[in-house]
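Trainee:
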Amino acid sequence: MTLIINGKSFLGLLGTGADISIFRSDHWPSSWPKHVTQTHLQGIGHSRETEQSAAVLQWTDPEGHRGYFQPYILEGLPVNLWGGDVMKDMGVYLYSPNPQVTQQMLNQGFVPGHGLGKQSQGLKYPVVSTGQPNQAGFGYF
Numbered sequence: 859m860t861l862i863i864n865g866k867s868f869l870g871l872l873g874t875g876a877d878i879s880i881f882r883s884d885h886w887p888s889s890w891p892k893h894v895t896q897t898h899l900q901g902i903g904h905s906r907e908t909e910q911s912a913a914v915l916q917w918t919d920p921e922g923h924r925g926y927f928q929p930y931i932l933e934g935l936p937v938n939l940w941g942g943d944v945m946k947d948m949g950v951y952l953y954s955p956n957p958q959v960t961q962q963m964l965n966q967g968f969v970p971g972h973g974l975g976k977q978s979q980g981l982k983y984p985v986v987s988t989g990q991p992n993q994a995g996f997g998y999f
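Encoded structure:
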């Protein structure tokens, strides 16, 4: 899948298991600003010093979809991964070929092409959990 970002074309894979997009470090243009983050990326095998675009970037694809994202940059990645932050603006949604699972999702209010939530708005930011330092037991971190 090709994305056009700041007038440059980049080839990558749709990462159905990735929430965010990640560039191979050698694909990141040296003139584009980036910064080191404290974020530890999980699910990709390793995460050394993680960098992220210093700016929110606009992307387009050959089909006319467009959106904004702030991708991470990682050394050693074999290919650019376009994650859920890109796929949501492409109208991509994942489904199960199992009719029982599909029917259960539809019964619970899932609307294909829309996000999850009361008004199908989807989540824009990660959910942050806060611990209860003076508490212990089930339901407390």
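Note that the sequence shown covers residues 859 to 999 in the numbering used here.
Just so it is clear, CB atoms sit at the ideal spot from N, CA and C, and this is done for glycine as well.
Among residues of its own chain, excluding the 5 on either side of residue 869, which ones have a beta-carbon nearer than 6 angstroms to its beta-carbon?
Mentor: As a position in the sequence shown, residue 869 is number 11, starting the count at 1. Here the set comprises 860.
Trainee: For residue 898, which of helix, strand or coil comes out of DSSP?
Mentor: Residue 898 sits at position 40 when you count from the first residue of the sequence shown. Coil.
Trainee: Using a 10 Å radius around the Cβ and a threshold of 16 neighbouring Cβ atoms, would you call residue 942 buried or exposed?
Mentor: For the purposes of this step, residue 942 is taken as the residue at position 84 of the sequence shown. Buried is the call here.
Trainee: Using only alpha-carbon positions, find the residue among 940, 875, 928 and 863 that is nearest to residue 894.
Mentor: Your numbering for residue 894 matches position 36 in the sequence shown. For residue 894, the nearest C-alpha among the options comes from 928.
Trainee: For residue 861, name the three-state secondary structure that DSSP assigns.
Mentor: As a working note, residue 861 is residue 3 in the sequence shown. In this structure, residue 861 counts as strand in the three-state DSSP scheme.
Trainee: How long is the line joining the alpha carbons of residue 956 and residue 875, rounded to whole angstroms?
Mentor: Taking the first residue of the sequence shown as position 1, residue 956 is located at position 98. Taking the first residue of the sequence shown as position 1, residue 875 is located at position 17. Distance between the alpha carbons of residue 956 and residue 875: 19 angstroms.
Trainee: Roughly how many angstroms lie between the CA atoms of residue 937 and residue 886, to the nearest whole one?
Mentor: In the sequence shown, counting from the first residue as 1, residue 937 sits at position 79. In the sequence shown, counting from the first residue as 1, residue 886 sits at position 28. Their backbone Cα atoms lie some 12 angstroms apart in a straight line.
Trainee: Determine the closest residue to residue 926 out of 932, 933 and 917, with distance taken between C-alpha atoms.
Mentor: For the purposes of this step, residue 926 is taken as the residue at position 68 of the sequence shown. Closest option to residue 926, Cα to Cα, is 917.
Trainee: Hey, residue 883 and residue 931 are a contact pair by Cβ (cut 8 angstroms); roughly how many whole angstroms apart?
Mentor: If you number the sequence shown from 1, residue 883 lands on position 25. If you number the sequence shown from 1, residue 931 lands on position 73. Their Cβ separation, rounded to whole angstroms, is 5 angstroms, which keeps residue 883 and residue 931 in contact under 8 angstroms.
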